[in-house]
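Residue numbers (UniProt numbering), protein chains in the order written: chain C, 1 to 645; chain D, 1 to 645.
Worksheet: one structure, shown below.
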């Protein structure tokens with residue numbers, strides 16, 4: 001193990017079935033081709049083969065940090081969880097912030113690969129280059145916060161001081177397909193059901209004690225040049241500038257008022273594009289106001305602290321505290337993840353503008369271990385289905401904005417208490433299939449959309465459709481250009497050029513996700529700063545063009561995996577709501593009458609990617625130097641089999 | 001050599017007489033007691049014995065970085081040069097910024113100790129853990145900028161990219177007692193004549209090629225906590241906030257208008273306290289206006305860039321460019337050190353408010369290798385002496401504000417071209433002795449005052465008097481409280497409490513100088529951030545109280561050295577101008593009628609230090625754990641011998 005160069009070159013492969021832990025190096029060529037973090041994690045998953053059952057023992061669950069994780073590079077506190085998703089059947093990677101990535105690195109690891117299934121509930125304890133499997137039977141079915149408290153005292157550490165705990169809650173243990181992994185109480189690898197994969201392996205938690213193996217830059221001169229340039233740009237950005245930029249002042253939820261104003265906030269299960277246009281078009285109760293759950297409102301009323309992730313000057317985490325009465329009991333709820341996405345899904349999309357209830361529901365999701373986006377959207381879908389009588393067989397359903405009931409159903413889903421809970425735990429796609437509710441689902445490849453209406457922001461339309469992990473804003477964050485004007489302002493309702501723009505953002509994020517640094521860097525930094533920090537840390541001598549191609553390579557490897565798992569261009573689509581004539585945006589807002597010109601953008605996008613109808617041709621694999629993995633044994637010449645998951 | 005913990009534990013001891021280079025570790029107890037940088041450097045000088053001839057081969061010239069140098073700690077690009085001063089006869093330490101400290105660290109060194117005297121002009125080349133002595137005969141008497149250019153091409157490096165050159169100019173070679181060492185063209189270890197010591201050893205330059213030995217924190221968790229806390233405070237400070245704070249916008253010269261306004265800017269050889277009160281009190285020509293040479297004026301008119309030192313978010317360096325005609329020839333002068341102190345000494349104190357001429361003279365000082373403060377003040381003293389006819393025997397003298405002549409005399413001093421040049425090269429104290437001009441000198445222990453009038457800011461009065469390296473603002477920067485209100489505003493013209501305040505600042509700076517990080521940190525950070533970063537980097541477990549005591553220990557060791565070299569409380573005094581009734585501040589400004597209540601403050605100060613009339617008693621040495629060095633063989637019970645230098 002070398003301690004220099006940003007690669008500890010130390011990966012633990014843990015067979016949970018046998019209890020065996022093997023320590024191995026990272027293949028140098030793979031590291032060069034896929035960087036680390038997301039890229040390398042996806043490569044490990046790829047090598048395991050694309051037809052594994054996501055909830056079976058053969059699926060690989062990789063916790064990966066990258067060459068910049070845990071260094072002084074700005075916002076380098078990220079870690080990627082890569083696996084085959086039980087929600088989408090695609091490969092997925094889901095990152096969380098906080099300190100666990102840095103601590104894992106300092107404990108001597110670049111990655112932990114979990115295979116198999118433990119006989120009994122287990123947690124992994126990581127300290128000073130060693131991984132130990134320990135019994136977790138006593139905390140089975142415990143909520144995440146409680147489990148963390150217990151583990152904290154067991155290993156004599158302190159979260160927020162020298163310890164990270166990444167844990168699942170009952171949702172993960174009970175196979176909720178959008179169960180997440182929660183880190184340090186409030187950060188989550190939220191999307192794609194990584195928590196369900198962890199639960200299927202009987203792995204309750206990964207506990208990391210901080211160590212001293214901080215990586216040194218191989219070339220400090222280059223690294224500090226990149227680092228200082230990056231910091232300068234972060235300070236100068238209207239978005240990221242510490243204590244000034246919107247993200248620093250209000251966190252991600254700075255977007256609530258912005259999307260409401262530009263008429264692109266999915267409201268009432270994505271039928272409307274803002275709470276105002278909903279109220280105009282449909283004056284019947286309830287009427288709500290997004291401002292009440294905005295970052296500005298949160299800051300003014302319930303903000304108590306602004307903690308940061310490792311090495312972050314922005315501090316987008318906004319710690320809130322509310323007092324809330326539920327079932328006659330008063331609760332005091334403190335948390336640091338009142339994020340825009342959570343607030344949208346549990347708020348306007350569910351016709352709820354009770355600010356404090358959202359803080360409570362986010363905390364419940366974290367305790368239960370469920371993705372807030374998917375949970376909120378599932379509830380919104382259920383509300384629409386209730387309205388249409390489609391849930392009549394399963395009890396009373398849920399009324400729009402019925403907060404009390406939303407909380408009850410959330411617990412029901414996580415604990416699988418009723419038929420309704422069991423149904424909704426399966427995710428939008430399967431619910432639509434089982435109940436015949438395809439027009440109610442907001443999902444792409446099984447994962448529901450985040451908080452940007454693709455009729456109002458066309459870049460998000462092509463982004464959702466071509467995302468390799470189902471509908472997602474974080475694969476190619478075009479709102480950077482469409483809302484924030486970074487790197488330059490583009491018309492959100494214009495489709496032309498969005499295929500190209502989307503692919504560019506996808507490649508940039510594939511790089512930063514592989515480093516693994518926060519995407520918010522991209523509001524300030526460019527490829528130049530990426531190259532300087534990457535080369536400075538690793539000692540490599542990569543050019544800007546080479547690094548951009550690496551982004552393309554990583555994105556294409558993921559797509560190739562998905563092709564092998566049965567996906568093609570026909571899966572690169574959007575919910576009918578956003579495409580069909582009679583579903584054009586109602587109301588009189590800025591997006592009125594808009595639909596999403598998806599087919600036009602797909603042509604542009606595929607041309608840029610050199611894919612054929614969503615499938616990576618052999619020539620492209622060759623050009624990018626992507627090998628057919630040992631586990632696949634499949635040539636892309638074959639027509640892909642249909643998606644089986 | 002360990003690469004962790006902030007100590008490379010690698011010092012090169014270079015005997016220039018024999019050419020032998022020995023590599024040695026750092027004594028652990030010394031490191032614990034004196035940290036590194038200034039503290040450890042002074043200890044090395046102390047161990048050499050206090051009665052060496054400053055310009056003789058036995059004097060030690062130590063280039064020391066500290067445990068934070070070259071790390072990601074904010075503003076950690078400093079290096080200390082420690083030696084016995086030929087200007088003051090005290091121990092001295094003089095720091096410069098830029099990148100040489102970081103590069104020396106990355107090349108594998110915590111310190112370079114030069115002893116003896118080379119037979120012929122020599123430079124030291126440092127690369128990857130090795131020091132090599134090379135011939136420098138071909139660049140003898142070359143100006144600093146020219147020498148750097150030549151060395152750059154010789155060693156195939158690039159200053160500003162991967163190379164640092166610390167060099168002396170003709171002033172150092174010719175024994176000007178305030179010759180300095182210039183780093184990377186524009187950063188200087190300016191004060192105390194370190195360049196003359198270097199010249200006396202026939203050492204023309206130290207050239208450092210950047211390496212890869214960047215230190216890793218022993219405890220990354222603690223280090224990053226301290227680092228992030230520090231960055232947060234720096235960003236929030238009105239003084240240091242990047243692109244907002246006064247220091248970041250205008251550099252150190254932000255102080256010109258501030259001291260002018262608060263009536264504390266030494267003007268016309270320190271007789272007046274602002275250019276406005278000078279003009280009122282003495283309407284005869286020339287009348288000048290400090291605003292013309294202020295940081296604001298510089299920024300508006302001649303700023304071309306704002307580079308930074310290693311790991312600095314503030315960027316106080318203000319790069320300027322002027323076109324100037326001298327002796328019929330037009331010059332284009334670019335430089336990055338239009339500092340407040342240089343601007344005061346070559347400006348208002350010399351009755352000069354020609355902005356561009358100051359840029360030219362600063363560049364000349366850098367090229368010649370002379371301290372800008374001492375040079376400007378020597379010229380001001382000579383102007384006052386000229387006015388009084390005291391230089392009549394040596395030609396025409398210099399008229400107030402005669403810029404052309406100032407430039408000529410500067411070259412005369414550096415090159416020792418005339419009797420006037422030879423005289424002024426000796427420094428204020430010796431000039432006063434030789435010509436009988438004690439009332440014209442602004443010096444304390446032979447070094448002249450910087451840009452704060454001690455009648456207007458009483459803290460600077462006790463600070464100049466008790467500074468261990470002669471009059472100096474950087475031992476205890478009380479203007480932080482007296483002008484900037486940091487950590488809290490105190491009345492500059494009140495003397496009570498200033499003894500305590502001064503000692504507190506002195507201890508804090510002794511710590512940061514030993515780390516070695518820039519003092520500007522102290523406008524934002526406090527002892528808490530110091531402790532976190534220090535412990536995090538070294539793995540020590542020092543408390544705040546212990547660290548403060550370490551500051552006291554370092555300061556007291558210096559004082560003890562000076563006691564042994566012949567200094568006592570009678571040397572802790574000020575120029576008569578600031579103490580005597582008929583010299584109270586003239587004019588009608590805010591400081592009108594003020595004198596400096598030095599004796600009262602000295603009582604308070606000595607009580608805080610537990611010194612007896614400026615001498616460290618044995619008990620205090622014991623309390624602080626200061627050993628009598630091997631080279632001294634002297635007990636403090638002896639009454640100190642009179643200063644011989």
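Beta carbons: idealized from backbone N, C-alpha and C, even for Gly.
Just so it is clear, the structure is predicted and the values come from calculations on it, not from any experiment.
Beta carbon proximity, residue i to chain D, threshold 8 Å
i                      : result
residue 440 of chain C : no
residue 242 of chain C : yes
residue 212 of chain C : yes
residue 209 of chain C : no
residue 221 of chain C : yes
residue 231 of chain C : yes
residue 72 of chain C  : yes
residue 266 of chain C : no
residue 586 of chain C : no
Cβ-based burial, residue i [other Cβ within 10 Å; buried from 16]
i                      : result
residue 325 of chain C : exposed
residue 135 of chain C : exposed
residue 22 of chain D  : exposed
residue 179 of chain D : buried
residue 599 of chain C : exposed
residue 284 of chain D : exposed
residue 607 of chain D : exposed
residue 339 of chain C : buried
Neighbourhood of residue i by C-beta distance below 6 Å, restricted to the same chain and skipping five residues each side
i                      : result
residue 19 of chain D  : 133
residue 278 of chain C : 267, 268 and 272
residue 206 of chain D : 124 and 166
residue 281 of chain D : 586 and 587
residue 126 of chain C : 107 and 208
Residue i at chain C interface by Cβ criterion, 8 Å
i                      : result
residue 410 of chain D : no
residue 283 of chain D : no
residue 317 of chain D : no
residue 216 of chain D : yes
residue 506 of chain D : no
residue 162 of chain D : yes
residue 158 of chain D : no
Chain C residues whose Cβ lies nearer than 7 Å to that of residue i
i                      : result
residue 495 of chain D : Here the premise fails: no neighbours, minimum Cβ distance about 38 Å.
residue 310 of chain D : 224
residue 106 of chain D : 220
residue 533 of chain D : Within 7 Å Cβ-Cβ: nothing; residue 533 of chain D doesn't reach chain C, min ~12 Å.
Chain-order list of residues whose beta-carbon lies under 7 Å from that of residue i (same chain, five-residue window excluded)
i                      : result
residue 590 of chain C : 262 and 263
Proximity test, residue i beta-carbon vs the ligand SAM heavy atom, cut-off 7 Å
i                      : result
residue 202 of chain D : Although the ligand SAM was asked about, the structure shown includes no ligands whatsoever.
Proximal chain D residues relative to residue i, where beta-carbon distance stays under 9 Å
i                      : result
residue 236 of chain C : 242 and 243
Neighbour list for residue i in chain C, Cβ cutoff strictly below 9 Å
i                      : result
residue 301 of chain D : Per Cβ cutoff of 9 Å: no residues; residue 301 of chain D is ~23 Å from chain C at best.
Contacts of residue i in chain D (Cβ-Cβ under 7 Å)
i                      : result
residue 450 of chain C : The premise fails here: residue 450 of chain C is roughly 29 Å from chain D at the closest Cβ pair, so nothing lies under 7 Å.
Neighbour list for residue i in chain C, Cβ cutoff strictly below 8 Å
i                     : result
residue 67 of chain D : Within chain C, no residue comes near residue 67 of chain D; the closest Cβ sits about 15 Å away, beyond 8 Å.
*Are there three or more Cβ pairs, one per stretch, closer than 8 Å when the stretch 81-98 of chain D is compared with the stretch 193-208 of chain D?*
yes
*If you pair each beta-carbon of the stretch 356-364 of chain D with each one of the stretch 332-339 of chain D, do three or more pairs fall below 8 Å?*
yes
*If you pair each beta-carbon of the stretch 369-384 of chain D with each one of the stretch 239-257 of chain D, do three or more pairs fall below 8 Å?*
no
*Per the contact definition of three or more C-beta pairs closer than 8 Å, is the stretch 207-217 of chain C in contact with the stretch 481-495 of chain C?*
no
*Is the number of C-beta pairs between the stretch 31-51 of chain D and the stretch 139-153 of chain D that are closer than 8 Å three or more?*
no
_If contact is defined by three or more beta carbon pairs under 8 Å, each pair taking one atom from either stretch, is the stretch 537-546 of chain C in contact with the stretch 383-402 of chain C?_
no
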